[in-house]
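The structure appears right after this line, and notes come after that.
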Amino acid sequence: MSTRGFLLIVSSPSGAGKTTLTRRLLREHDTIDFSVSYTTRPQRPGERDGVDYHFIDNASFDRMVEDGEFAEWFVVHGNRYGTAKAPIEASLAAGRDMIFDVDFQGARALAGAWPADSLRVFILPPDLATLASRLRSRATDAADVIERRLRKAIEELGHFGEYDHLIVNAELEPAYQVLRAVYLTRRYGDVARPDVALPLPALAAARDANTASDPAAHARRLIATAG
Ligand code: 5GP
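Start counting the sequence shown at 999; every next residue gets the next number (my numbering).
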């Protein structure tokens, strides 16, 4: 059993289905904690303060920056988002893993701060039309916000090369199986272990089959389509 946890850093353009995938991974694996980010963006209907995000005002965010409480923080879509340092060290030291839903800037900063303990995963949409329609179906955001998010999504796509694993989320179930395989093989390794009742070699094969399917070529095609 590993003694120190690791950071599973997941990024994707908004609308690629990252939240659904990461929430399921969390639900099904009690070895993972979710890093609850701090944000100055307004709370959306259905979001819970302290669970989905810590929703704070600008003054509180400033104070946390001044006190050096953030491992990273950036402006995304015109609002500030930040990851607190203390819960990360607490989870890692307890041998627990932590999952992060951050943009490419946050991913880069976290992997820079914990280079040996980070695994970066990027979730890709099947095509840009799907991405746009998923963004539009989020009726909670105004039209100009959606357009901004679409532009940011395309910018985000350009950073796929900084990630260890790329997963195309064309269908939820196969995408989830790859994410799970990536997670479990990082935690327990590729080789069967008497103390782990998981088909580790089969999970490693699923992970490697995903890499062999060349998701990077898919990412390049998406970017070319965006012009
Ligand atoms: P949303 O407002 O849709 O929840 O998130 C917008 C973007 O901000 C997403 O790409 C999400 O991954 C990113 N994000 C959320 N929390 C953080 C954070 O703590 N740091 C950084 N850098 N990005 C974050």
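By construction, the Cβ of each residue, glycine as well, lies at the ideal position given by its N, Cα and C atoms.
May I ask you to report which of helix, strand or coil DSSP gives Arg1078?
In this structure, Arg1078 counts as strand in the three-state DSSP scheme.
What residue ranges within the stretch 1156-1209 form continuous beta strand (DSSP E) runs of no fewer than 3 residues, ordered along the chain?
DSSP runs (the beta strand (DSSP E)) wholly in the stretch 1156-1209: 1163-1166.
Could you tell me the alpha carbon to alpha carbon distance between Val1073 and Leu1196, rounded to whole angstroms?
Approximately 40 Å between the Cα atoms of the pair.
So Thr988 and Asp1099 are supposed to be a Cβ contact under 8 Å. How far apart are they, rounded?
Look at the range of the chain in this structure, 999 to 1225, and you will see that residue 988 is not part of it.
Measure how close the beta-carbons of Ala1204 and Gln1175 come, nearest whole angstrom, since I'm counting them as under 8 Å.
The Cβ separation is near 6 Å, so the contact holds.
If we ignore side chains and look at the alpha-carbon of each, how far apart do Leu1090 and Ala1105 end up?
If I take the Cα positions, the gap works out to 17 Å.
Taking Cβ to Cβ, would you say Tyr1051 is nearer than 8 Å to Ala1082?
Not a contact, by the Cβ cut-off of 8 Å.
At a threshold of 7 Å, does Glu1087 count as lining the ligand 5GP (C-beta to nearest heavy atom)?
Flag unset: Cβ of Glu1087 not near the ligand 5GP.
If you draw a straight line from the C-alpha of Arg1218 to the C-alpha of Asp1188, how long is it?
Going by the C-alpha atoms only, they are around 29 Å apart.
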